[in-house]
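K.L.:
Residue numbers (my numbering): 152 to 300.
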Ligand code: RB5
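#1: Between 234, 268, 263, 162, which lies nearest to residue 293 when the distance is taken from Cα to Cα?
#2: Out of 251, 209, 184, state which residue places its alpha-carbon closest to the alpha-carbon of residue 165.
#3: What beta strand (DSSP E) runs, 3 residues minimum, are completely inside the stretch 249 to 297?
#4: When you compare only the Cα positions, how much space is there between residue 229 and residue 220?
#5: In its own chain, which residues sit with a C-beta less than 7 Å from the C-beta of residue 247, not counting the 5 before and 5 after it?
#6: Could you tell me the distance, in whole angstroms, from the CA atom of residue 258 to the CA atom of residue 218?
#7: Does any heavy atom of ligand 1 sit closer than 6 Å to the C-beta of residue 216?
#8: When you measure from the CB of residue 243 to every non-hydrogen atom of ligand 1, does any distance come out below 6 Å?
#9: Three or more C-beta pairs under 8 Å: does that hold for the stretch 207 to 216 against the stretch 159 to 178?
#10: Name the one or two DSSP bridge partners that residue 189 has.
#11: Pick helix, strand or coil for residue 179, following the three-state DSSP scheme.
#12: Quick check on residue 156 - is its C-beta less than 7 Å from some C-beta in chain C?
#13: Going by CA-CA distance only, name the one from 285, 154, 265, 286 that's closest to residue 200.
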């Protein structure tokens, strides 16, 4: 599994912890930055990571900003992205099982490091069953043609 990771300045410290975890657990990943705490605009990073996933170059993405909200809103504007902001492990589990979330979003200012690491591990290790009842619902998520999307 190839994982794309990114954050803004407010998510930088937690993103570094996520990068450490991915390295320790042996994941193939790319860190799309940011690489320090200088201020950057979260939509720029969210879009880059989201497009890295929809291009097929990466299987999953992880985004971190202050609350996770801005990253989540932006990533979900990219067709084919199902980004889920998770605060605890149960959300991470069902984000995969029910929603086939391909991007996990964390809040660097709202979620502690140890909880965040558990969220990441649960989310990465939970699969989506394409034969489950949830697959029909996930297929209905994409914008309808009459919405111009
Ligand atoms: C940055 O100050 C902050 O607005 C950003 O990280 C994020 O929380 C936005 O949703």
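Ideal placement from N, C-alpha and C gives every residue a C-beta, glycine not left out.
Computed from a predicted structure; not experimentally measured.
P.N.:
On the basis of the supplied data:
#1: Taking the first residue of the chain shown as 1, we reach residue 293 at position 142. Answer by Cα proximity: 234.
#2: Here residue 165 is taken as the residue at index 14 of the chain shown, counted from 1. Out of 251, 209, 184, 184 has the C-alpha closest to the C-alpha of residue 165.
#3: Whole beta strand (DSSP E) segments, 3+ residues: 254 to 258.
#4: In the chain shown, residue 229 corresponds to position 78, counting from 1. In the chain shown, residue 220 corresponds to position 69, counting from 1. Rounded to whole angstroms, residue 229 to residue 220 spans 15 Å at the Cα level.
#5: Taking the chain shown and counting its residues from 1, the one referred to as residue 247 is at position 96. Counting only Cβ-Cβ distances below 7 Å, and skipping sequence neighbours, we find 274, 277, 278, 279.
#6: Position 107 of the chain shown, counted from the start, is the residue given in the question as residue 258. Position 67 of the chain shown, counted from the start, is the residue given in the question as residue 218. Each residue's alpha carbon lies about 4 Å from the other.
#7: Within the chain shown, the letter at position 65 stands for residue 216. Yes, the beta carbon of residue 216 sits closer than 6 Å to at least one heavy atom of ligand 1.
#8: Here residue 243 is taken as the residue at index 92 of the chain shown, counted from 1. The closest heavy atom of ligand 1 lies 6 Å or more from the beta carbon of residue 243.
#9: yes
#10: Looking up residue 189 in the chain shown gives position 38. Residue pairing of residue 189 in beta bridges, as defined by DSSP: absent, with no partner found.
#11: For this step, residue 179 is matched to residue 28 along the chain shown. Here residue 179 sits in strand by DSSP.
#12: Checking the listed chains, one finds no chain C in this structure; it contains a single protein chain.
#13: Numbered from its first residue, the chain shown carries residue 200 at position 49. Among 285, 154, 265, 286, the Cα nearest to that of residue 200 is on 154.
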